[in-house]
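Here the sequence shown stands for residues 647 to 799, numbered as in our numbering. Right, one structure below, let's go through it.
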Amino acid sequence: MISIRLESNNRDNTEPFVEASLPRNAAVSPSPDRDADVINLRAALVGITTPSVWNGISSAACLVVFSDKERETAIAESQEWNKSEQLLSRVREHLDIDLEGGTEPDNFERAVEGNRQFRMEMVRQAEKDQREICWRNWPYKDDEDDSMPSGDI
């Protein structure tokens, strides 16, 4: 489990810290929106095609069929996606940034520093073989910011 807890260094912030957790093998950042749409659509289809649900909707046979493995995978991916999104939502709220990482000019320096702290903490807590992926996939970074910082994290 990756847990992030950062003390607020903003005197005006009524929240003393941000704390969130997600499974250690979860993606650091959600993929592009279309991936989220596919993940959640698949989970919705799995849910609606479950016999107990489908039989309440229609007496006709359901033409969409998922294997047990496909059902388990779809639900697990959706849960992982939603946990990742909840974590990122808490980060955005704490940093006072929008979905794309934008913020008001007066908040810029605080948001940049807070973002750096979150990113470093996420990488620190990741499995060693996942650290570079975590660094590259952090959603609130400059496009060219892909290389890990040198030295200890």
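Glycine included, each C-beta is placed from N, C-alpha and C at the ideal position. All of these numbers come straight from a predicted model, not from anything done at the bench.
Endpoints, the alpha helix (DSSP H) within which residue i is located
i, result
"ASP800", "The shown model of the chain, from 647 to 799, leaves out residue 800, and the question about it has no answer."
"ALA772", "Taken as a continuous stretch (DSSP letters only), ALA772 belongs to no alpha helix (DSSP H), as it is neither H nor E."
Residue i versus residue j - alpha carbon distance
i, j, result
"VAL737", "SER704", "42 Å"
"ARG760", "GLU731", "Reading off the sequence, residue 760 comes out as Gly, not Arg. Their backbone Cα atoms lie some 18 Å apart in a straight line."
"GLU750", "ILE743", "8 Å"
"TRP700", "LEU687", "16 Å"
"ARG782", "ASP683", "22 Å"
"SER698", "GLU739", "38 Å"
"CYS708", "THR695", "7 Å"
Short Cβ contact (8 Å threshold) for residue i with residue j
i, j, result
"LEU691", "VAL710", "yes"
"TRP784", "ARG765", "yes"
Reduced DSSP secondary structure (H/G/I, E/B, other) of residue i
i, result
"SER704", "coil"
"ILE743", "coil"
"THR695", "coil"
"PRO751", "helix"
"ASN671", "Model confidence at ASN671 stands at a pLDDT of 46, short of 50, so the residue's coordinates are unreliable; what they give is reported in the following sentence. Correct three-state label for ASN671: coil."
"LEU733", "helix"
"VAL710", "coil"
"TRP784", "coil"
"SER796", "coil"
**Message:** Would the region 739-756 count as touching the region 713-729 if we require 3 or more Cβ pairs under 8 Å?
**Reply:** no
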